[in-house]
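Residue numbering for the sequence shown follows numbering that gives the first Met the number 0, starting at 0 and increasing by one per position.
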Amino acid sequence: MRAAMKRKDYEAKLEPMREELVAMARWARVTGQRIVVLFEGRDTAGKGGAIRAVSEKLNPRQCHVVALGRPTEDEQGQWYFQRYVDHLPTTGEIVLFDRSWYNRAGVEKVMGFASDAQVEQFLDQVPAFEKMLVDDGILLFKYWLGADQEKQEERLRERLEDPLKRWKLSPIDLAARDKYDAYTEAREEMLRRTHTEWAPWTLVDFNDQKQGRLTLVRDLLDRLPDTACEPAEIDFPELGREPQVETYGVLRPIASNPVED
């Protein structure tokens, strides 16, 4: 088995792509382009890390991460796509969905949260729904992150034992352990029905999460049009005086807590 990529190698490869991502965001703002990226995949595959790789250097007022919880009672009575439509981008915005409307074809199907009729209706409707988005000018990218069950087990165990990651472990994650094959079958049906010319799927191997992030970001950047867009000129005159030291009257800063070596 190939050794996992080292952090320093990952950072060195990602840094120039971060500059390209910032240029992408500037281009979207200047041109008014709307961008939507869906992140789907196995539990523990690394969706959160992939989303951070894309968004961490972007303005959060422009680049929004959407991670919806369970639908409310009101939302359950709506058209299925309705609560997702509320989060679609306006002019110049980028929206990254941490799971998306494809919940219905994945976890809802496998865990029995949706009926066979609801899943079938979804698979029938989603190509038309996505075509409306694309025809309206939205750039839509759909990524599915894969990981072997051995890696999934390793990461679930890490979440169980690491107090900083324990919050990531839910009863649904544990219940899904025995349904790896069922998720595979659901994914294959989803791909067969929703991999279209106007909204194709891209599968990325996330057994090595760092390598997976680099692969995904590079693919996203390569599929965009030319985003070369010089930043606006900003006049930055000399301050015209000696810089002032911060002073306090009413309140004082709390005592510094030095970090020991």
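Here a beta-carbon is modelled for each residue, glycine too, at the ideal position from N, C-alpha and C.
The beta carbon of Ala52 is closer than 6 Å to those of Arg212 and Val216 in its chain, skipping five residues each way along the sequence.
With contact defined as three or more Cβ pairs closer than 8 Å, the segment 56 to 66 and the segment 8 to 26 are in contact.
Within the segment 47 to 98, the complete alpha helix (DSSP H) segments of 4 residues or longer fall at 72 to 75 and 81 to 84, listed in chain order.
Beta-bridge annotation (DSSP): Glu39 is paired with Trp143.
For Asp134, the uninterrupted alpha helix (DSSP H) segment begins and ends at Asp115 to Asp134. By the neighbour-count definition (other C-beta atoms within 10 Å, threshold 16), Met131 is an exposed residue. The C-beta distance from Ala185 to Ala104 rounds to 6 Å, short enough to meet the 8 Å contact threshold. Straight across, the Cα-Cα distance linking Asp221 with Val125 is about 25 Å. Secondary structure at Ile34: strand, using DSSP grouped into helix, strand and coil. Collapsing the DSSP output to three states places Trp200 in a strand.
Contact check for Met189 and Tyr79: beta-carbon distance about 15 Å, past the 8 Å limit, so the pair fails to qualify. DSSP, read as helix, strand or coil, puts Leu138 in strand. Between Arg158 and Lys150, the C-beta gap is not smaller than 8 Å, which leaves the two residues out of contact.
Looking only at Ile253, Gly145 and Pro224, the smallest Cα-Cα distance to Trp200 is reached by Gly145. In this structure, Ile137 lies near Arg33, with their beta-carbon atoms less than 8 Å apart. Scanning the segment 171 to 241 for uninterrupted beta strand (DSSP E) segments of 3 residues or longer gives 200 to 204, listed from N- to C-terminal end. Taking a contact as a CB-CB distance under 8 Å, the pair Ala49 and Val109 does not count as one, their CB atoms being some 22 Å apart. Taking Ala3 as the centre and dropping the five residues before and after it, the same chain places the C-beta of Asp207 closer than 6 Å to its C-beta, in chain order. For Leu155, the enclosing alpha helix (DSSP H) starts and ends at Gln148 to Glu160. Judged by DSSP secondary structure, Glu107 falls within the alpha helix (DSSP H) whose first and last residues are Val106 to Val109. The DSSP-derived three-state label of Ala254 is coil. Assignment of Ala44 by DSSP, reduced to helix, strand and coil, places it in the coil class. The DSSP-derived three-state label of Val244 is coil. The C-alpha of Ser99 lies about 23 Å from the C-alpha of Gln210. DSSP, reduced to helix, strand and coil, places Val249 outside both helices and strands of the structure shown, so it counts as coil.
When rounded, the separation of the alpha-carbon atoms in Glu19 and Ala198 is 23 Å. With respect to Ala175, Asp42 sits close: the two C-beta atoms are nearer than 8 Å. Secondary structure at Lys164: coil, using DSSP grouped into helix, strand and coil.
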